[in-house]
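In the numbering used here, the protein residues as written are 1 to 261. Some notes on the structure that comes next.
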Amino acid sequence: MAVVLRGRGLSPKVTDTDPHDVGEEVLEAKPLAASAKTTAKAVNAFTKQAYRLLKAHAVNRARTAKDEPPANMVLLRGAGVFPQIVPMPERLHLKAAGIAGVALIRGMFRTVGMEVIDVPGATGGLDTDMTAKADAALDALESYDLVVLHVKAPDLCGHDGKASEKIRVIERLDAMMGHLKGKLSQDVVVGITADHSTPVAVKDHSGDPVPLTLFGEGLRVDDVVTFDERSAARGALGRLRGQDLMRILLDAANRTEKFGA
Numbered sequence: 001m002a003v004v005l006r007g008r009g010l011s012p013k014v015t016d017t018d019p020h021d022v023g024e025e026v027l028e029a030k031p032l033a034a035s036a037k038t039t040a041k042a043v044n045a046f047t048k049q050a051y052r053l054l055k056a057h058a059v060n061r062a063r064t065a066k067d068e069p070p071a072n073m074v075l076l077r078g079a080g081v082f083p084q085i086v087p088m089p090e091r092l093h094l095k096a097a098g099i100a101g102v103a104l105i106r107g108m109f110r111t112v113g114m115e116v117i118d119v120p121g122a123t124g125g126l127d128t129d130m131t132a133k134a135d136a137a138l139d140a141l142e143s144y145d146l147v148v149l150h151v152k153a154p155d156l157c158g159h160d161g162k163a164s165e166k167i168r169v170i171e172r173l174d175a176m177m178g179h180l181k182g183k184l185s186q187d188v189v190v191g192i193t194a195d196h197s198t199p200v201a202v203k204d205h206s207g208d209p210v211p212l213t214l215f216g217e218g219l220r221v222d223d224v225v226t227f228d229e230r231s232a233a234r235g236a237l238g239r240l241r242g243q244d245l246m247r248i249l250l251d252a253a254n255r256t257e258k259f260g261a
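The structure is reproduced here in structure tokens:
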């Protein structure tokens, strides 16, 4: 969910209320600048009111009666100002769609002007139906220029520190990609990457670069034959900025306009 504050004298320069660790107390939002005092006060007032309302909710009363932990708090983090974004169809002249089970990612799709495709079985968890998501992507490619398919499961295993479970998830991803690759038309360009690293040893996001591979008809190849962080680091793509990826994909698909030619 997103909490939207509107009014004069607001500032994004406030600290999180999310302690980021299970069992820790909810934090008080603090201003990082004098101009953010009003915002911090509003965030703390919202947090307290949300707790009062959720604590008394029938669902939580029922959970407490069954000795289950109540969902009685809204944790806020990552304060910012909503940017002025040119929708993807207008900026890149693409009809785009996204497939994801996670509400945050689905919201990001909508924010940039992509249509969200609902897939039965796409849960955003370890039990997500990857084959169903792949089939939905194949169907969507009949109507859309760009389809983004997101899978959350590897990240969850990283946060939980479960290496063996992460291996099984990656094996399922391999099977999903094999399913996709066997049914894709030859004119489709595919990019496979991650939005961040979540090492099992760290149990949190890290700044490590993520692997990227592209495949499609006529693309130049290098001598990398496995997809992992170390192997991909030796590849011809090198290390690039995330903001450049879309242009690279469009170039590979011969969808960019020539300049001065």
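Where a beta carbon is used, it is the ideal one built from N, C-alpha and C, also for glycine.
Item	Value
Report yes if the C-beta distance between A122 and D129 is below 9 Å; otherwise report no.	yes
Buried or exposed: where does G9 fall if 16 or more other Cβ atoms within 10 Å of its Cβ makes it buried?	exposed
Along the chain, where does the beta strand (DSSP E) that runs through G113 open and close?	Unbroken run through G113: none, as it is neither H nor E.
Between the Cα of G125 and those of R61, V148, A153, spot the shortest distance and give me the residue it belongs to.	A153
Is M88 near the ligand MG, in the sense that its beta carbon is under 8 Å from a heavy atom of that ligand?	This structure lacks the ligand MG; in fact it carries no ligand of any kind.
Compare the beta carbon distance of L27 and T15 with 9 Å and say whether it is the shorter of the two.	yes
Cutting at 6 Å between CB atoms, please list the residues of its own chain near A36, excluding the five before and the five after it.	S11, K13, V14
Classify A56 as buried or exposed, calling it buried when 16 or more other Cβ atoms lie within 10 Å of its own Cβ.	exposed
Considering only DSSP beta bridges, list what P149 is partnered with.	Sequence inspection shows Leu at residue 149; the Pro mentioned does not correspond to that position. Paired residues: I99.
A85: buried (16+ other C-beta within 10 angstroms of its C-beta) or exposed?	Here residue 85 is Ile; the residue named in the question, Ala, does not match the sequence. Looking at its Cβ environment, which holds fewer than 16 other Cβ atoms inside 10 Å, I85 is exposed.
Is the CB-CB distance between V43 and A62 below 9 Å?	no
Below 9 Å between beta carbons: does that hold for V190 and G161?	no
Which partner residues does F227 have in the DSSP bridge list?	Answer is none; F227 lacks a bridge partner.
Closest to F227 by C-alpha separation, out of K258, D174, A50, L75, would be which residue?	D174
Considering only residues of the stretch 167–241, which uninterrupted beta strand (DSSP E) runs meet the minimum length of 3 residues and lie entirely inside it, listed in chain order?	190–193, 212–215
Looking only at its chain, what residues have a beta carbon closer than 6 Å to the beta carbon of M277, apart from the 5 residues adjacent to it on each side?	Because the chain here runs from 1 to 261, residue 277 falls outside it and cannot be looked at.
Could you check if P19 is buried or exposed, using at least 16 other CB atoms within 10 Å of its CB as the buried criterion?	exposed
Using DSSP's beta-bridge definition, name the partner residues of V14.	P31
M114 to P69, Cα distance in whole Å?	36 Å
Please report the straight-line C-alpha distance between H304 and S231, rounded to a whole angstrom.	Because residue 304 is not part of the residues shown, which for the chain are 1 to 261, the question remains open.
Going by beta-carbon coordinates alone, are A132 and V116 separated by less than 9 Å?	no
Are P209 and A233 close, meaning C-beta to C-beta below 9 Å?	yes
By the three-class DSSP mapping on this structure, what secondary structure does D21 have?	coil
Quick check: the Cα distance between R52 and M73, rounded to an integer number of angstroms?	9 Å
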